[in-house]
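> Going by the working numbering, the sequence shown opens with residue 37, and the numbers climb by one from there.
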Amino acid sequence: MREGRLPTELWVSAGLRRCSDKGVPATVARKGETQSGTVILKLNQHALGCRVLNQTRDIDGRLVWFAALDGALVPEAEADGYIARSVKRDPDIWVIEVEHPEGWHPFDGRMMKE
Numbered sequence: 037m038r039e040g041r042l043p044t045e046l047w048v049s050a051g052l053r054r055c056s057d058k059g060v061p062a063t064v065a066r067k068g069e070t071q072s073g074t075v076i077l078k079l080n081q082h083a084l085g086c087r088v089l090n091q092t093r094d095i096d097g098r099l100v101w102f103a104a105l106d107g108a109l110v111p112e113a114e115a116d117g118y119i120a121r122s123v124k125r126d127p128d129i130w131v132i133e134v135e136h137p138e139g140w141h142p143f144d145g146r147m148m149k150e
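Set out below in structure tokens:
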């Protein structure tokens, strides 16, 4: 773990608490490595579909989110398939699902531009 970074488990817990405080359903769909596992967010926008975001770091080490699947809203089964393939490649990944009709999530980090 890099100096000054929160362990993933603590960071995820704080985000889930923010969801709870706002009455937004959120769950840990899969626990990864507790200290430094990366996170995939599955943003479930119900009838609109799901958006998947991958956690990564920029060149300066700051947290950014990369939109998977071209940033599109996709059917839940397609989002789950992408996530399953990602976990197969990296078993340390955390998967967090947030259910919000507008795709809101509580986790810091800017969206990475293509």
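Yeah, the Cβ is synthetic: ideal placement off N, Cα and C, and Gly gets one too.
#1: By Cβ distance below 8 angstroms, which residues in the same chain neighbour M37 in space, the five residues on each side in sequence not counted?
#2: Three-state secondary structure (DSSP) at I95?
#3: If the criterion is Cβ atoms closer than 8 angstroms, does the pair G51 and P142 meet it?
#4: With distances taken between CB atoms, is the gap from N90 to A104 smaller than 8 angstroms?
#5: How far does the alpha helix (DSSP H) with L46 in it extend, from its first residue to its last?
#6: What residues match up with E147 in a beta bridge as DSSP calls it?
Taking the structure as given:
#1: Any reading at M37 must be qualified, since the residue scores a pLDDT of 42, below 50, and its modelled position is unreliable; no value is offered.
#2: Three-state result, I95: coil.
#3: The answer is yes: Cβ separation under 8 angstroms.
#4: yes
#5: 44 to 58
#6: Here the sequence assigns Met to residue 147, which means Glu is not the residue at that position. Per DSSP, W101.
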